[in-house]
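One structure below.
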Amino acid sequence: MPRRLPSRRHVEREYRPSRSRACWRRHERHLLSRTCSAACRPAWIRITDKPAMQTPTPLKPRPDEDPMWALWQAKAPEIYERIYYQSNPVVAAINLSGHRLIERTYPNGTHFGRVLEVGAGTGIHLDFVRHSFDDYLVTDINADLLDKARERHAGDPRPINYEIADALALPYPDASFDRVVSVYNLEHLPEPHRVLEEWRRVLKPGGVLSVAIPAEGGIPWNLGRHLTTRRSFAREGLDLDYIIAREHINACYRLVSLLRHYFEDRDERWYPVRIPTPHLNLVFACNCRTKVSGAPADPFHATRPERTGVA
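First residue of the sequence shown? That's 1322 in our numbering, and the numbers climb one at a time after it.
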């Protein structure tokens, strides 16, 4: 960070009389440039090197005390699944489509060694996983949601484990997983390019990143939210516009651009229309494969071009 520049009073006392009017105006606006005279530059350097002119310690961030946000954080573990998957059959069908789209590529008979699901919430996506695996790690940063996921799959005989983890900084070594799954998470996370780099880091060469996101910013999604979800939030005393403004910080088309930048081998699907644009669709899903140096391409992905429709 640049050093804090001296105050106007300090500048006047030290060397204002030796300057031209134009040079003084530049320094007054803290715009020292190479056009300043040779006489004033050394004085300016000396004064900014003094200990009192160093950059102060940044202030600690204040805790979030907004009552509406606190209400949402308290209610979310209880009402999330009910609002988005149970209250309205149309809303449920749209949200479930993202889970189905990324699993169509990997039916029964497909096998992955280790699978990591980030932001798993209440564990809904596991109901749609048909392929076999050696270990399925369900993670979320919210302990209450993770407890609900554990209760949901208490009787599942498959090798499933649960762990609290931050999707922005995964506590796992490089090349640890054969597949990483993220359903309706990427639109919430700041600096999504760094998030994708982090997820790619824990994938093995040739591993698969499976992502589903809402067509946030598109006309159909915004209209549907106004006609359906808004009413559910209002019944809970929640301000939908405020919460979405803080929760859904990444538009769909930007996330699609990032996925296309980081992964060349992709199987893209849009719902419900085959045309690849968020302004005609409600959900985008993508299975992305990392590169394998010196190895042949995956036979499933190599035998057909990139898909941009719905099977």
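We treat Cβ as the ideally placed atom computed from N, Cα and C, and that holds for glycine.
- If you draw a 10 Å sphere on the C-beta of residue 1448, you find fewer than 16 other C-beta atoms in it, and that means exposed.
- About 4 Å separates the beta carbons of residue 1538 and residue 1572, which is inside the 8 Å limit, making them a contact pair.
- For the pair residue 1467 and residue 1487, the Cα-to-Cα distance works out to about 12 Å.
- Put simply, the backbone Cα of residue 1490 is about 22 Å away from that of residue 1446.
- Runs of the alpha helix (DSSP H) lying entirely within the region 1548–1612, each at least 4 residues long, are 1551–1556, 1561–1568, 1573–1583 in chain order.
- DSSP places residue 1516 outside any beta strand (DSSP E); the residue lies instead in the alpha helix (DSSP H), whose first and last residues are 1513–1523.
- The beta carbons of residue 1422 and residue 1606 sit about 4 Å from each other, so the pair counts as a contact at 8 Å.
- Its chain contains 1443 as the residues whose beta carbon lies nearer than 6 Å to that of residue 1402, once the 5 sequence neighbours on both sides are disregarded; these appear in chain order.
- Between the region 1413–1431 and the region 1493–1513 there are three or more inter-stretch CB-CB distances shorter than 8 Å, so the stretches are counted as touching.
- Within the same chain, and ignoring the five residues on either side of residue 1600 in sequence, the residues whose Cβ sits closer than 6 Å to its Cβ are 1539, 1540.
- Distances from the alpha-carbon of residue 1521 to those of 1413, 1470, 1542, 1584 put 1584 closest.
- Residue 1451 sits exposed, since fewer than 16 C-beta atoms from the chains shown fall within 10 Å of its C-beta.
- Closest in alpha carbon position to residue 1495, among 1519, 1485, 1477, is 1519.
- The C-beta of residue 1612 has fewer than 16 other C-beta atoms within 10 Å across all chains shown, which makes the residue exposed.
- Nearest Cα to residue 1431 within the set 1454, 1411, 1440, 1418: 1454.
- Residue state for residue 1500 is assigned as strand, using DSSP reduced to three classes.
- Cα atoms of residue 1562 and residue 1568: separation of roughly 10 Å, rounded to the nearest angstrom.
- Secondary structure at residue 1461: strand, using DSSP grouped into helix, strand and coil.
- Scanning its chain for C-beta atoms nearer than 7 Å, with the 5 sequence neighbours on each side dropped, one finds around residue 1553 the residues 1404, 1408, in chain order.
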